[in-house]
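Chains A and B supply the protein sequences, listed in that same order.
Residue numbers for the first sequence follow this note's numbering, so the first one is 2 and each next one is one higher.
Residue numbers for the second sequence follow this note's numbering, so the first one is 2 and each next one is one higher.
2 protein chains.
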Amino acid sequence: MNKSIFYHAGCPVCVSAEHDIINLIGRENVEVVNIGENRARIPEAEKAGVNSVPALVTPNGNTLHINFGASLADVKG
Amino acid sequence: MNKSIFYHAGCPVCVSAEHDIINLIGRENVEVVNIGENRARIPEAEKAGVNSVPALVTPNGNTLHINFGASLADVKG
């Protein structure tokens with residue numbers, strides 16, 4: 002896995018962070034996943050250690066929680 | 002200002018995030034500032050909107066709080 006994955010849920014904090022991350026690391030280096038719409042990806046995000054969105058899972062598997070938009074519990078609820 | 006600034010305080014969460022950020026955006030694109038040691042930089046971090054470390058201030062001035070190491074109040078205290 003060479004791309005980072007940016008998980009978000011469409012919240013304003015998420016959208017702002019998405020723009021910053023894409024500016025910083027380049028659109029071609031990050032897959033953007035809206036787990037609010039694409040709920041089938043929620044278990045994978047949880048498995049990667051995502052507790053809140055927005056979050057960036059790096060190519061080496063570390064999870065960086067960025068600012069705070071919503072907890073995963075809220076997205077699931 | 003073309004570089005991002007990564008503020009940290011030497012905590013384990015900070016060190017881990019620093020490695021991830023450097024891997025993602027490149028060492029030449031980020032200035033690393035330890036505000037635990039370099040306390041003169043604390044006011045500038047606060048002015049940039051840094052509430053906790055580690056945090057990354059992007060070239061366009063947005064502050065991304067990454068995971069959570071320590072609040073600025075703790076670093077100052």
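Note that the Cβ used here is the ideal one computed from N, Cα and C, for glycine as well.
Alpha carbon to alpha carbon, how far is proline 44 (chain B) from alanine 41 (chain A)?
Against the second sequence, residue 44 (chain B) aligns to sequence position 43. Against the first sequence, residue 41 (chain A) aligns to sequence position 40. If I take the Cα positions, the gap works out to 44 angstroms.
According to DSSP, phenylalanine 80 (chain B) sits in a beta bridge with which residue or residues?
This structure does not reach residue 80 (chain B), given that chain B is present from 2 up to 78, and the question cannot be answered.
Between alanine 18 (chain A) and chain B, is there a C-beta pair that is closer than 8 angstroms?
The count along the first sequence starts at 1 and reaches residue 18 (chain A) at position 17. It does: the Cβ of alanine 18 (chain A) has a partner Cβ on chain B nearer than 8 angstroms.
Taking the alpha-carbon positions, what's the serine 5 (chain B) to asparagine 30 (chain B) distance?
If you number the second sequence from 1, residue 5 (chain B) lands on position 4. If you number the second sequence from 1, residue 30 (chain B) lands on position 29. Approximately 6 angstroms between the Cα atoms of the pair.
Could you check the C-alpha separation between serine 48 (chain B) and asparagine 52 (chain A) for me, to the nearest Å?
Here residue 48 (chain B) is taken as the residue at index 47 of the second sequence, counted from 1. Here residue 52 (chain A) is taken as the residue at index 51 of the first sequence, counted from 1. With the sequence shown as reference, residue 48 (chain B) is identified as lysine, and serine is not the correct amino acid for it. One C-alpha to the other measures close to 28 angstroms.
Does the separation of the CB atoms of leucine 65 (chain B) and isoleucine 67 (chain A) fall below 8 angstroms?
Position 64 of the second sequence, counted from the start, is the residue given in the question as residue 65 (chain B). Position 66 of the first sequence, counted from the start, is the residue given in the question as residue 67 (chain A). In this structure, isoleucine 67 (chain A) lies closer than 8 angstroms to leucine 65 (chain B) by Cβ.
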